[in-house]
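What follows is a short report on a single structure.
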Amino acid sequence: YDTTAIYTNFWILLYLFSVYLILKKWQFSAFSYIISPVTKPLTVFFLPMTFYFIFRSDLPKHEKIKVGLSYVVVAAILIIIVMMFELDLPENYITSRFWTGFGAIAYQLRFDFLLLIFILPVVVGLFKASKNGILHADSIMIFIAVNLLMHPILAGLGPNIHPYRYMPLIVFFAIAVGILLSNKIRKVEG
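Structural data, given as C-alpha cells:
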C-alpha cells in the first residue's frame, strides 16, 4: 500500500538525479531535489548528506557556495510548505522505539544475504579508498551510514518501518561497489 500516485522507487531516482546534477549541471540540481520529497517525504532526511556531498566534491569553491545556497533555499521552501499546510508531524520522539528500530534492521535484512555478507568489506574498502584520496568514497560511506541510522530514527517517529526505506541503502551499496571496482579512479585534488 502506497499513499502516493508515483511508482514506489521513483523517489530515490529523483534524489540520485539531483546528486548527479550537482556534478554536471548544478543549476538544476535543487529542482530535482525539491520534487523528490513530494514523491516520498523520506528524502528530506537526505538533505544533510547532500550538503556533505556538495562540500566534499571537486567543484570550484564559488560553485559549491552557489549549490549550497540553492539547497538552503530548498530547505526553506520545504519548511514553509510544512508550516503552511500544517502537516501532521509527530509530537514527541519515542526513544524506546529508536532502540527497537535497530532490531528491526536485523529482522528485515535477514534475507538479503549479499548485502549482509559484503557490507563490512565494502565499508572497509571505502574507508581505505577514502584514505587513498579516491573521490566520493567518503561521501558514499556517509550515505550508507546515514541510511543505516535512518531506520531507527524513523522508528522513533512512528511505529512502522517499511521495506521501501531500504532501497537507498541498496543503491548506495551498489555505487560503493562500483567505486571500489572501477578502473577509472579520480583522486581528490589538493
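According to my numbering, numbering within the sequence shown proceeds without interruption in unit steps and concludes at 173.
Backbone N, C-alpha and C define an ideal beta-carbon position, used for all residues, glycine too.
- prompt: Secondary structure at residue 8, three-state DSSP: helix, strand or coil?
  reply: Sequence index remark: in the sequence shown, residue 8 carries index 25 (1-based). Residue 8: coil per DSSP, three-state reduction.
message: Contact defined as beta carbons within less than 8 Å: I believe residue 50 pairs with residue 79. What is the distance between those atoms, to the nearest angstrom?
response: Position 67 of the sequence shown, counted from the first residue, corresponds to residue 50. Position 96 of the sequence shown, counted from the first residue, corresponds to residue 79. Not a contact, Cβ separation roughly 39 Å.
- request: Can you check DSSP and say which residues form a bridge with residue 117?
  value: Taking the first residue of the sequence shown as position 1, residue 117 is located at position 134. Per DSSP, 170.
message: Let's see if you can read the secondary structure: which residues bound the alpha helix (DSSP H) around residue 35?
response: Here the question's residue 35 lines up with position 52 in the sequence shown. That run of the alpha helix (DSSP H) goes 30 to 39.
message: Going by DSSP in three states, residue 103 sits in which element: helix, strand or coil?
response: For the purposes of this step, residue 103 is identified with residue 120 of the sequence shown, where counting begins at 1. The answer is helix: DSSP assigns residue 103 an H, G or I state.
- request: Determine whether the Cβ of residue 89 lies closer than 7 Å to any Cβ atom of chain D.
  value: Here there is only one protein chain, and chain D is not present.
query: When the Cα atoms are used, what is the spatial distance from residue 149 to residue 128?
result: Against the sequence shown, residue 149 aligns to sequence position 166. Against the sequence shown, residue 128 aligns to sequence position 145. Rounded to the nearest angstrom, the two C-alpha atoms are 12 Å apart.
- request: Under 8 Å Cβ to Cβ from residue 160, same chain only, skipping five residues before and after it: list those, please.
  value: Position 177 of the sequence shown, counted from the first residue, corresponds to residue 160. If the five residues before and after residue 160 are omitted, its C-beta is found closer than 8 Å to the C-beta atoms of 101, 105, all from its own chain and listed in chain order.
message: Restricting to Cα atoms, I'd like to know which of -7, 10, 43 is closest to residue 20.
response: Sequence index remark: in the sequence shown, residue 20 carries index 37 (1-based). Nearest option by C-alpha distance: -7.
field: Proximity to residue 22 [Cα-Cα], best of 134, 9, -2, 90
entry: Taking the sequence shown and counting its residues from 1, one reaches residue 22 at position 39. Considering only alpha carbons, the answer is -2.
message: Can you give me the C-alpha to C-alpha distance between residue 4 and residue 10, rounded to a whole angstrom?
response: As a position in the sequence shown, residue 4 is number 21, starting the count at 1. As a position in the sequence shown, residue 10 is number 27, starting the count at 1. Rounded to the nearest angstrom, the two C-alpha atoms are 8 Å apart.
message: Assuming the contact rule is C-beta atoms closer than 8 Å, residue 167 and residue 116 should be a hit. Round their C-beta distance to whole Å, please.
response: In the sequence shown, residue 167 corresponds to position 184, counting from 1. In the sequence shown, residue 116 corresponds to position 133, counting from 1. Cβ atoms of residue 167 and residue 116 stay farther apart than 8 Å, at about 15 Å.
field: Euclidean distance between Cα positions of residue 99 and residue 67
entry: Reading the sequence shown from its first residue, position 116 is the one you call residue 99. Reading the sequence shown from its first residue, position 84 is the one you call residue 67. If you take the alpha carbons of residue 99 and residue 67, they lie about 42 Å apart.
field: Reference residue 28; option with closest CA among 158, 156, 140
entry: For this step, residue 28 is matched to residue 45 along the sequence shown. Out of 158, 156, 140, 140 has the C-alpha closest to the C-alpha of residue 28.
query: What is the rounded straight-line gap between the Cα of residue 38 and the Cα of residue 157?
result: On the sequence shown, residue 38 is found 55 positions in, with the first residue counted as 1. On the sequence shown, residue 157 is found 174 positions in, with the first residue counted as 1. Here the C-alpha atom of residue 38 lies approximately 22 Å from the C-alpha atom of residue 157.
Among 118, 136, 126, 94, the one whose alpha carbon lies nearest that of residue 42: Looking up residue 42 in the sequence shown gives position 59. 118 is the residue among 118, 136, 126, 94 whose C-alpha sits nearest the C-alpha of residue 42.
- request: Assign residue 57 to one of two classes, buried (16 or more other C-beta atoms within 10 Å of its C-beta) or exposed (fewer than that).
  value: Sequence index remark: in the sequence shown, residue 57 carries index 74 (1-based). Flag for residue 57 reads buried.
query: What number of angstroms, rounded off, separates the C-alpha of residue -5 from the C-alpha of residue 26?
result: Walking along the sequence shown from the start, residue -5 turns up at place 12. Walking along the sequence shown from the start, residue 26 turns up at place 43. C-alpha of residue -5 to C-alpha of residue 26: approximately 8 Å in a straight line.
query: Is the CB-CB distance between residue 35 and residue 125 below 7 Å?
result: Working through the sequence shown from its first residue, we reach residue 35 at position 52. Working through the sequence shown from its first residue, we reach residue 125 at position 142. Yes, the Cβ-Cβ distance between residue 35 and residue 125 is below 7 Å.
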